[in-house]
Amino acid sequence: MTYSERLYPWVIMRLLPEMQRVVVGRFRNRSDAEGHLTALKLLMPDAKFVIVFDVGNPMDEESLEEES
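Mind the numbering: the sequence shown is residues 92 to 159 in my numbering, read in order.
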């Protein structure tokens, strides 16, 4: 996870068929994500979206430090 992605941990994902997903946007706080989600639902009423808090994968970072 890049530094800029860590600054925007709240993610809106669009759910697609066959367990696929697409990141629609990243936000600094949940309130901003919820506001954007409201607009998306008005523009695309049949699409399914979720808001998630993306913490990345801390295990990868720890293993990288141990290998160095």
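Ideal Cβ placement from N, Cα and C applies to all residues, glycine included.
Residue i versus residue j - alpha carbon distance
i, j, result
"ILE103", "LYS132", "12 angstroms"
"ARG140", "VAL146", "The displayed chain sequence assigns Phe, not Arg, to residue 140. Taking the straight line from one Cα to the other gives about 19 angstroms."
"MET92", "VAL113", "16 angstroms"
"ASP137", "LEU128", "13 angstroms"
"ARG117", "MET110", "20 angstroms"
Same chain only: Cβ atoms within 8 angstroms of residue i, ignoring 5 sequence neighbours per side
i, result
"LEU98", "ARG119"
"LEU107", "VAL113"
Cβ-based neighbour list, residue i, same chain, cut-off 6 angstroms, excluding 5 preceding and 5 following
i, result
"PRO100", "PHE144 and ASP145"
"VAL115", "ILE103 and ARG105"
"MET121", "According to the sequence provided, residue 121 is Arg. The question's Met does not apply to it. Within the same chain, ARG121 has close Cβ partners TRP101."
Pair within 7 angstroms by beta-carbon distance, residue i and residue j
i, j, result
"ILE142", "ALA124", "yes"
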